[in-house]
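> Residue numbers (our numbering), protein chains in the order written: chain A, 100 to 534; chain B, 100 to 534.
Number of protein chains: 2
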Amino acid sequence: MKRWWFLALPIALLLPSTALAAGADPSLPFLFYLVFILLSAKLMGHIGVLLRQPSVLGELCAGILLGNLGLLGFQGFEGIAANPYVDILARIGVIVLLFEVGLESTIRDILNVGPSSFLVAVLGVAAPFVLGWLVGVWLLPEASPYAHAFLGATLCATSVGITARVLQDIGRSREKEARIILGAAVIDDVLGLVILASVSGVILAAEEGITPGIWPQAAITLKAGGFLAGSLLLGALFTPKIFATAARLRGPGVLVGVSLAFCFLLAFLAGEAGLAPIVGAFAAGLILEPIHFQSFGERNIHHLEEALRPLSEFLAPVFFVQMGAKVDLRVFASVDTLWLAFALTIAAIAGKQVCSLGIWGKGVNRWAVGFGMIPRGEVGLIFASIGATLVLGGERIIDATTYSAVIIMVLLTTLVTPPLLKWSLTSRTAPGKAD
Amino acid sequence: MKRWWFLALPIALLLPSTALAAGADPSLPFLFYLVFILLSAKLMGHIGVLLRQPSVLGELCAGILLGNLGLLGFQGFEGIAANPYVDILARIGVIVLLFEVGLESTIRDILNVGPSSFLVAVLGVAAPFVLGWLVGVWLLPEASPYAHAFLGATLCATSVGITARVLQDIGRSREKEARIILGAAVIDDVLGLVILASVSGVILAAEEGITPGIWPQAAITLKAGGFLAGSLLLGALFTPKIFATAARLRGPGVLVGVSLAFCFLLAFLAGEAGLAPIVGAFAAGLILEPIHFQSFGERNIHHLEEALRPLSEFLAPVFFVQMGAKVDLRVFASVDTLWLAFALTIAAIAGKQVCSLGIWGKGVNRWAVGFGMIPRGEVGLIFASIGATLVLGGERIIDATTYSAVIIMVLLTTLVTPPLLKWSLTSRTAPGKAD
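#1: Taking His145/A as the query, report the chain B residues whose CB atoms sit under 7 Å from its CB, ordered along the chain.
#2: Here's the rule: buried if 16 or more other CB atoms are within 10 angstroms of the residue's CB, otherwise exposed. What is Trp438/A?
#3: Report buried or exposed for Glu404/B, applying the criterion of at least 16 other Cβ atoms within 10 angstroms of its Cβ.
#4: Looking only at its chain, what residues have a beta carbon closer than 7 Å to the beta carbon of Thr525/A, apart from the 5 residues adjacent to it on each side?
#5: Give a yes or no on whether 8 Å exceeds the smallest Cβ distance from Ser126/B to chain A.
#6: Quick check on Arg475/A: does DSSP put it in helix, strand or coil?
#7: Counting Cβ pairs, one atom from each stretch, are 3 or more of them under 8 Å apart for the segment 286-302 of chain A and the segment 244-261 of chain A?
#8: Within 8 Å, do at least three Cβ pairs link the segment 377-390 of chain A to the segment 154-174 of chain B?
#9: Taking only runs of the alpha helix (DSSP H) that begin and end inside the segment 490-521 of chain B, which ones reach a length of at least 4 residues, in chain order?
#10: Consider the Cβ of Ile302/A: report whether some Cβ of chain B lies at a distance smaller than 8 Å.
#11: Run through chain B and tell me which residues come within less than 7 Å of Ser154/A, C-beta to C-beta.
#12: Determine, using beta carbons only, whether Val148/B comes closer than 8 Å to chain A.
#13: Buried or exposed for Pro517/B, please, with buried defined as at least 16 other CB atoms from any protein chain shown within 10 angstroms of its CB.
#14: Is Asn464/B helix, strand or coil when you go by DSSP?
#15: Which residues of chain B have a Cβ atom closer than 7 Å to the Cβ of Glu199/A, listed in chain order?
#16: Between the segment 363-376 of chain A and the segment 231-239 of chain A, can you find at least three pairs of beta-carbon atoms closer than 8 Å?
#17: List, in chain order, every chain B residue whose beta-carbon is nearer than 7 Å to that of Phe129/A.
#18: Give the straight-line distance between the Cα atoms of Gly324/B and Ala415/B, rounded to the nearest whole angstrom.
#19: Can you tell me whether Val76/B is helix, strand or coil according to DSSP?
#20: Which word fits Lys461/B, buried or exposed, when buried means at least 16 other C-beta atoms lie within 10 angstroms of its C-beta?
#21: Flag this pair as yes or no: are the beta carbons of Val265/B and Pro153/B separated by less than 8 Å?
#22: Would you check if the distance between the CB atom of Gly231/B and the CB atom of Gly201/B is smaller than 8 Å?
#23: According to DSSP, simplified to helix, strand and coil, what is Ile458/A?
#24: Taking Cβ-Cβ distances shorter than 8 Å, what residues in chain A pair up with Pro409/B?
#25: So with Cβ pairs under 8 Å, would you call Ala120/A a contact of chain B?
#26: In chain order, which alpha helix (DSSP H) runs of at least 4 residues are fully inside the segment 262-347 of chain B?
#27: Could you tell me the distance, in whole angstroms, from the CA atom of Leu520/A to the CA atom of Leu188/A?
#28: Taking its Cβ as the centre, do 16 or more other Cβ atoms sit within 10 Å of Gln452/A, making it buried, or is it exposed?
#29: Could you check what DSSP says for Lys141/B in three-state terms: helix, strand or coil?
#30: Using DSSP with H/G/I as helix, E/B as strand and the rest coil, what is Phe173/B?
#31: Between the segment 413-433 of chain A and the segment 484-494 of chain A, do at least 3 Cβ pairs fall closer than 8 Å?
#32: Output the distance between the C-alpha atoms of Glu199/A and Pro409/A, rounded to the nearest integer angstrom.
#33: Do Val426/B and Gly350/A come within 8 Å of each other at the CB atom, strictly closer than that value?
#34: When we look at the beta-carbon of Leu407/B and count the other beta-carbons within 10 Å, is it buried (16 or more) or exposed?
#35: Could you check whether the Cβ of Arg190/A sits closer than 8 Å to any Cβ belonging to chain B?
#36: Please confirm whether Leu138/A has its beta-carbon closer than 8 Å to some beta-carbon of chain B.
The following block contains the structure:
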């Protein structure tokens, strides 16, 4: 009997859709993907938890499975990686997640760990850049120095989505280590932007045979830095008044609606400033403090955090499953690629461990900070795909082999982070509480 | 000082986006629209509540304002009606809303009012069809009988989104009237589908000079009816086991994730059966009953309803604001159109009042049921746009004037419903508790 229920789906798929009353409804394939994303995320998340791993690791693996079912002959799931609606929902998902994580800290919390975050960010950009360059010189000797520099650049950025989710999964997102990592990731985003602009600028200038200018990079730095400082300052000054006004609004969902509008506004402005929208969402979360919600009475910030949880429980898995689904396992087929990927991964992990030297003060779990900075996520991929569009002397700066190696590096750094971070923060046998 | 904050937005818009690190991020314009959708929805919803109206009326008006700012010279908001990502989020929004409303009733509740719902649905399709046909004969005497029939068909369907939201806004979504309306709306969707298919089939057959067949319509009816009966039956049989299994899953957000997956699955299947996806979402809500969630312990169905609230508080306004934004106020400029629109609106409202004659038994507020069936929403528009694509003897079945009149009819039926329904259900001076 139970089989009937599961038969309903394939039968419905075989029936030709009349699609008359519904028009050609673009939401139908999207709904189909969402069903599989949510079910596989919760199922694999469960297996992750059983194996004592953060459930986000399960969600990533669910994505890798769904995205590569085509290799086993099951077609129809390609859209999970490619459907534009899944993509936009994933983007909203990671924005809501970072907003939620930002709510758990205040601007003061981040300023308190400011010196540490800044040093961690600078070291976490410099060390992987140098190591990535060296890997390029070693394994790609025939490539131009520009290609080596670009390889270094792809190792710089930290993708903070994974770390934020792991910290949330294991209930440690309010600790000092979490704040150092998150603060450093925000600064990293600015530094990464500057490095990418600089390296691209130098390559474009070399292709056109002119001297690279310093102004574009200065403008980008100013704009990104200006957004961060400006939004935190103006936000801190005016949010209390804005939310006191909002609290007087009647009707359903005012707190959730106005808070999300604030989050989306800062994410949009961050994107316009050239930063990742999640940086803006995190800043929005930092700015909102319990005092802003006093006028909401019972509907206070704890209610907001509680109200956002189901939103991120629905939307964040879309991001992580989609991230996994974008991995094409066929890149593992070439030995050349694997060697380069392996060397890049070691450089990426080792480079970020240098970070922990930048921590100011005592009593901080340095290993956890180093591990938390490891994942490159989609940021490394964006860098690599920009490199793939840059051409110098008729050759692409990042060729297909190098691009595949970067993908594998991103996958491995993303997959090792959840277990390492959980282990360093929760296991008694973990090192790092030393000083 | 306060002005600075508001200046930040236009300044950011003037800055040329480097968009380097973010790639060409498709989420940026989408985030921009979301900010305005959420803020205007909550602000106008507030004004609606102050005027003792359901806040959904304010959200619709917010959409009409935003969508027509272009007429006043403010450009940049056209995307709220046309952006495909806003559109998909709106579709998810109304799906989640109908799921939420469905959760508040059980299959048994709906079966109890089944005879009433069925008669209400049949009368609510037949009466507007005849009245719409007569309006066509009267005001468009030169048009073909097929055009008159199609005009009747555009008046048949009930768009239940508005009514569901009003019932939720005024806290009456668990009452008998609500169940009759919602049950009738589901049956209406099947009947509307059959009528649309029949009228389209007759016109297509006439154009090709052949006798219309009965089989396509029979197949559509069978498929749509089969989906409804099948999903309710199979769902009721197997959901307890599925959710008992799901309750054993560990990891965050299992209840929300699995429930939404179930909702999206039925919405998808409904869409594949040719029905509106919201019919599937409502059926999913009906199927889930508290007993299915016992194994979740504390995480029971009340937790689910509570968890879904912020989701619909975020997503449902996107639907209603977008619905408003799609209204182009320029259609009001032609007197011919206005006459036809006025006559259609009267026919639409009067036709649905006949519904209340179908109510079985006593103690039901007949006016509330009649009012609740009024809104045509996007379903009428879908009918009209299909009519605009049908050509008979070189002429379009639905011409530009008629199409504009249908849009106005949809707008007016949508706008009159919230105040009428609230009045009939909450005012002491309202009629209808008579028998």
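Beta carbons: idealized from backbone N, C-alpha and C, even for Gly. If you're wondering where the values come from, they're calculated on a predicted model, not measured in any experiment.
By the coordinates alone:
#1: Along the first sequence, read from residue 1 onward, the residue named residue 145/A stands at position 46. Within 7 Å Cβ-Cβ: Leu348, Arg349 and Gly350.
#2: Translated into positions along the first sequence, residue 438/A becomes position 339. Trp438/A is exposed by the Cβ-count criterion.
#3: Residue mapping note: residue 404/B aligns to position 305 of the second sequence, counting from 1. The residue is exposed, with fewer than 16 neighbouring Cβ atoms inside 10 Å.
#4: One-based indexing of the first sequence puts residue 525/A at position 426. For Thr525/A, where only same-chain residues beyond five positions count, the Cβ hits under 7 Å are Ile269.
#5: Position 27 of the second sequence, counted from the first residue, corresponds to residue 126/B. Closer than 8 Å: yes.
#6: The sequence position of residue 475/A within the first sequence is 376, counting from 1. Coil, per DSSP.
#7: yes
#8: no
#9: none
#10: Counting from 1 along the first sequence, the entry for residue 302/A is found at position 203. Judged by the 8 Å Cβ criterion, Ile302/A is not in contact with chain B.
#11: Here the question's residue 154/A lines up with position 55 in the first sequence. Gly350 and Pro351, listed in chain order.
#12: Looking up residue 148/B in the second sequence gives position 49. Taking Cβ atoms only, chain A reaches closer than 8 Å to Val148/B, which makes this a yes.
#13: Translated into positions along the second sequence, residue 517/B becomes position 418. Result: buried.
#14: As a position in the second sequence, residue 464/B is number 365, starting the count at 1. If DSSP states are grouped into helix, strand and coil, Asn464/B belongs with coil.
#15: For the purposes of this step, residue 199/A is taken as the residue at position 100 of the first sequence. Within 7 Å Cβ-Cβ: nothing; Glu199/A doesn't reach chain B, min ~12 Å.
#16: no
#17: In the first sequence, counting from the first residue as 1, residue 129/A sits at position 30. Here the neighbours are Ile187.
#18: Your numbering for residue 324/B matches position 225 in the second sequence. Your numbering for residue 415/B matches position 316 in the second sequence. Roughly 27 Å separates the two Cα atoms.
#19: Here chain B covers residues 100 to 534 and nothing more, so residue 76/B does not appear.
#20: Position 362 of the second sequence, counted from the first residue, corresponds to residue 461/B. Lys461/B comes out exposed.
#21: Along the second sequence, read from residue 1 onward, the residue named residue 265/B stands at position 166. Along the second sequence, read from residue 1 onward, the residue named residue 153/B stands at position 54. Yes, these two residues count as a Cβ contact at 8 Å.
#22: Mapped onto the second sequence, residue 231/B falls at position 132. Mapped onto the second sequence, residue 201/B falls at position 102. Cβ distance not < 8 Å, so Gly231/B and Gly201/B don't count as in contact.
#23: By 1-based counting over the first sequence, the position of residue 458/A is 359. In the structure shown, Ile458/A sits in coil (DSSP, three-state: anything other than H, G, I, E or B).
#24: Counting from one through the second sequence, the residue named residue 409/B turns up at place 310. Those are Gly352, Val355, Ala406, Leu407, Pro409 and Leu410, listed as they occur along chain A.
#25: What you label residue 120/A is simply residue 21 of the first sequence in a count that begins at 1. Note that Ala120/A scores 34 on pLDDT, short of 50, meaning its location in the model is unreliable; the coordinates nonetheless yield the value given after this. Answer yes: the Cβ-Cβ gap between Ala120/A and chain B drops below 8 Å somewhere.
#26: 275-307 and 314-345
#27: Translated into the one-based positions of the first sequence, residue 520/A becomes position 421. Translated into the one-based positions of the first sequence, residue 188/A becomes position 89. One C-alpha to the other measures close to 27 Å.
#28: On the first sequence, position 353 is the one that residue 452/A refers to. Burial call: buried.
#29: By 1-based counting over the second sequence, the position of residue 141/B is 42. Three-state DSSP puts Lys141/B in a helix.
#30: Translated into positions along the second sequence, residue 173/B becomes position 74. If DSSP states are grouped into helix, strand and coil, Phe173/B belongs with coil.
#31: no
#32: Here residue 199/A is taken as the residue at index 100 of the first sequence, counted from 1. Here residue 409/A is taken as the residue at index 310 of the first sequence, counted from 1. The straight-line gap from Cα to Cα measures roughly 11 Å.
#33: Looking up residue 350/A in the first sequence gives position 251. Looking up residue 426/B in the second sequence gives position 327. It is not a contact, given that the beta carbons lie outside the stated cut-off.
#34: Taking the first residue of the second sequence as 1, we reach residue 407/B at position 308. Flag for Leu407/B reads buried.
#35: The residue you call residue 190/A lines up with position 91 of the first sequence. Yes, because at least one Cβ of chain B sits closer than 8 Å to the Cβ of Arg190/A.
#36: On the first sequence, residue 138/A is found 39 positions in, with the first residue counted as 1. By this cut-off, Leu138/A is an interface position.
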